[in-house]
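Structure record follows, encoded as structure tokens.
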Amino acid sequence: MAKKVALIQGNEACAQGALYAGCSFFAGYPITPSTEVAEVMSIELPKIGGKFIQMEDEIGAIAALIGAALTGAKALDSTSGPGMSLKQELLGYACIAEIPCVIVNVQRGGPSTGMPTGPSQSDMQQAMWGTHGDHAAIVLTPASCQEIYEETVRAFNLAEKYRMPVQIQLDEICAHMREKVEYAEPGELEVIDREAPSVPPEEYKPYDASKGLVPPLASFGSGYRYHVTGLNKAADGFPTTKAELVDAEERRQIDKIMLNQEDIQKNEEYLLDDAEVILFAYGSTSRSARYAVNELRKDGVKAGMFRPLTMWPFPEKRVAELADQAGAIVCPEMNLGQMVREVERVAKGNCTVAHIGRVDGEPINPGQIIDKVKEVL
Amino acid sequence: MAYDYEKSIRPGKLPHIWCPGCGHGIVMKGLIRAMDTCELDRDNTAVVSGIGCASRLPGYLDTCTLHTAHGRAAAFATGIKMAKPDMNVIVVGGDGDGTAIGGNHFIHACRRNIDMTYVIMNNSIYGMTGGQFSPCTPTGAKASTTVYGNPDPTFDISKLAIGAGATFVARGTAYHAVQIDKLIAEGIRHKGLAVIEILDDCPTTYGRRNKFRSVIDMMKRLKETAVPVTAAAKMTEEQLEGKVLTGVLYNTEKPEYTEQYAKLIKRAQGA
Ligand SMILES: Cc1ncc(C[n+]2csc(CCOP(=O)(O)OP(=O)(O)O)c2C)c(N)n1
Ligand code: SF4
């Protein structure tokens, strides 16, 4: 049987990926350029008995998301810059309470109301550091409609597997462009569900490190009565200020991500084997970067591209290797220097690191990248 | 025989954090009795709170408990109720939590008339942070941030709830302890959003600054200002000056949100 294909927007692809992953709950608040995710979910979820709720603001939306996720639902929320800023406190709540959920941020120009319809990649550091306190983050950066579809499935898998909020960072271009998407058949893509506890309710501890770096999560209403709080807590979920317990929990919550990087990392390496100049690019910018690599190759420049699909945790190991290999890493980004800071940090001066920034609401075009590469060489 | 609260309290979680004389403990006992009266299945009941002294209540109850962020309890609870409509959902918290930072979620939960019970402990102050004024601090009263007297007008929580669309609204006081469980139980049984406002006291941060010499004085104030709605009907406006009405203030039937959504699902599925 021929596969089902459709010509759809990135935002629609995201909604379709969520449905494939088993998402049954959506909470959000309308904001350009993310609104189509909500619109599609409002149409599709009721058809499968799922729930869609438009909340009174973005804080309420992520709150409802976490509440629903605690009952066992796979839950999605989509927003853009100003809305993402509002969500930051509760993003941290989902981190410390370890509640799986997926939040899409379709980046637009900022700060503040900025340029609602202009593309941007200027929330990349916010995605990691926006919420207060030490924490780990998983942030995915797909670049095509097909990839948005598949990466949304992966986002849910990572959320469920690691009991974490996972963020998908799109940009307005990826979100609004239309491309052919091949829908996966049931069973074709891996779908992971969170691990439920195997101990009897009286023995259950929601943060029991002896059960591994990611302790099983019981759903509310499944016979397990336990406590969830945003305070630092002990294994039983109740608040504690005991130094050794607080320290161990904080570290476990970061370790569960940092020690599982091999599983979480994903990136595309394009013509890197002999590359002397490497473009570090992601999202819609990587499409211009790929074009630039091809053009540069025609001119005899050994160019390649490293394209992270998992942006956080930052792919430190691989970028460090590439910094050893190449003479230069060039980072085109629709911001004034965000991920390039990580590249510089990891490169430790072993190669030239250059940035191409654009914040005028226009995409970075291949010509701009080619010019910069030639300047660096 | 004395009522057995222990069976509803999580083993090992007492003593609680509240100060001697704090009204929140009285409300917790009322809530426990009400949950008991309504025979709520503890495996299928969620008690959700925000942040504040009042919001520490859920931790003591042996049920599914969720201590969220300041002001957000109603929104977390809405997610639970929407995702799992057969779950009993109770929200508890303080006046600051519910009507200042959480005011938006509070009024929209009322507007949706989603089937939850919201018990709001109104001690007219931010207790946990040391006594700053809340939207319910009387005008002129002293708080740590209004040492010259509070310039702000106040919210009437019950009126706010009625105006926003809640379909059951009741008010009690920590002095009238035996009425609390009855009001809450009625709220739990009510289909739709029920708000139970309990006027209580914070002797530590409010009483001290406002010339209440003892907890007993604060309790006396609650006793003297409360007038049951039934009695109020026979009183003149002059007699009601400075009084607060207690009992069931509003009770009506309107479509409940999760039931409406279940109908929407049927429509979407073409039934
Ligand atoms: C976002 C945020 N802002 C401020 C605080 C600090 N804070 C904690 S409790 C509280 C007030 C609590 O007052 P209320 O809800 O009336 O409850 P009470 O302590 O009086 O029972 C405040 C302002 C916080 N925890 N989070
Ligand atoms: S500070 Fe006030 S509200 Fe908080 S526990 Fe003490 S008396 Fe109660």
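For the protein sequence lines, the chains are A and B, in the order given. Going by my numbering, the residue at position 114 of the first sequence is 964; the numbering climbs one at a time, nothing skipped. Going by my numbering, the residue at position 97 of the second sequence is 100; the numbering climbs one at a time, nothing skipped. Ideal Cβ placement from N, Cα and C applies to all residues, glycine included.
Counting C-beta pairs with one atom in each stretch, the segment 42 to 55 of chain B and the segment 80 to 96 of chain B have three or more that are closer than 8 angstroms, which means they touch. In the structure shown, the three-state DSSP call for residue 1030 of chain A is strand. Of all residues in the segment 106 to 135 of chain B, those with a C-beta nearer than 7 angstroms to a C-beta of chain A are 107, 108, 111, reading in chain order.
Identification of chain A residues near residue 193 of chain B by a Cβ-Cβ cut-off of 7 angstroms yields none; the smallest Cβ-Cβ distance measures about 21 angstroms. Just so you know, the alpha carbons of residue 871 of chain A and residue 137 of chain B end up roughly 44 angstroms apart. Under the rule that a run must span 4 or more residues, the alpha helix (DSSP H) segments found entirely inside the segment 918 to 986 of chain A read 931 to 947, 974 to 979. Scanning the segment 209 to 258 of chain B from its first residue to its last, the whole alpha helix (DSSP H) runs of 4-plus residues come out as 218 to 228, 232 to 235, 240 to 243.
With its beta carbon less than 9 angstroms from one in chain B, residue 1075 of chain A belongs to the interface. Between the segment 984 to 993 of chain A and the segment 1100 to 1115 of chain A there are three or more inter-stretch CB-CB distances shorter than 8 angstroms, so the stretches are counted as touching.
With a contact defined as Cβ atoms closer than 8 angstroms, residue 1087 of chain A and residue 1065 of chain A miss out at about 10 angstroms. With a beta-carbon spacing of about 4 angstroms, residue 203 of chain B and residue 177 of chain B fall inside the 8 angstroms limit used to define contacts. Under the 8 angstroms Cβ criterion, the segment 937 to 950 of chain A counts as touching the segment 57 to 74 of chain B, having at least three qualifying pairs. With a threshold of 8 angstroms, the Cβ atom of residue 1068 of chain A does not count as near ligand 1, since no heavy atom of the ligand is closer than that. A distance criterion of 8 angstroms places the beta-carbon of residue 955 of chain A beyond contact range of ligand 1, judged by its closest non-hydrogen atom. For residue 1018 of chain A against residue 952 of chain A, the beta-carbon gap comes to about 7 angstroms, under 8 angstroms, which counts as contact. When rounded, the separation of the alpha-carbon atoms in residue 1092 of chain A and residue 1084 of chain A is 9 angstroms.
Looking at A:1027, A:1003, A:1026, A:1047, the one whose alpha-carbon comes closest to that of residue 1016 of chain A is A:1003.
Using a C-beta cut-off of 8 angstroms, the segment 1035 to 1046 of chain A makes no contact with the segment 899 to 918 of chain A, since fewer than three inter-stretch Cβ pairs fall below that distance.
Using a cutoff of 8 angstroms, the CB of residue 908 of chain A does not count as near ligand 1, since none of the ligand's heavy atoms is closer than that. Residue 153 of chain B places its beta carbon less than 9 angstroms from that of residue 144 of chain B. Contact annotation, residue 921 of chain A with residue 881 of chain A: C-beta distance approximately 26 angstroms; criterion of less than 8 angstroms not satisfied.
When beta bridges are read from the DSSP output, residue 146 of chain B appears opposite B:149. Between the C-alpha atoms of residue 908 of chain A and residue 1132 of chain A there is a straight-line separation of about 26 angstroms. Under the 8 angstroms Cβ criterion, the segment 1175 to 1189 of chain A counts as touching the segment 1206 to 1213 of chain A, having at least three qualifying pairs.
Listed along chain B, the residues sitting closer than 8 angstroms to residue 943 of chain A by beta-carbon distance are 71, 72.
DSSP, read as helix, strand or coil, puts residue 100 of chain B in helix. The nearest non-hydrogen atom of ligand 1 is 8 angstroms or more from the C-beta of residue 1105 of chain A. Distances from the CA of residue 155 of chain B to each of B:161, B:87, B:146 were compared; the closest alpha carbon is that of B:146. For ligand 1, no non-hydrogen atom lies closer than 8 angstroms to the CB of residue 981 of chain A.
Judged by beta-carbon spacing, residue 116 of chain B lies beyond the 9 angstroms limit of residue 139 of chain B, meaning their Cβ atoms are not closer than that value. Between residue 1125 of chain A and residue 1142 of chain A a beta carbon distance of about 13 angstroms is seen, past the 8 angstroms cut, so the two are scored as non-contacting.
Across the segment 880 to 911 of chain A, CB contacts with chain B closer than 7 angstroms involve 896, 897, 899, 901, 903, 905, 906, 907, 909, 910, in sequence order along the chain. When the beta-carbon positions are compared, residue 235 of chain B and residue 225 of chain B stay at least 9 angstroms from each other.
Per the C-alpha coordinates, the member of B:232, B:83, B:67, B:59 positioned closest to residue 917 of chain A is B:83.
Contact with chain A is found for residue 85 of chain B, since one of that chain's Cβ atoms lies less than 9 angstroms from the residue's Cβ.
From the listed residues A:961, A:1072, A:1165, A:1000, the smallest Cα separation to residue 1112 of chain A is found for A:1165.
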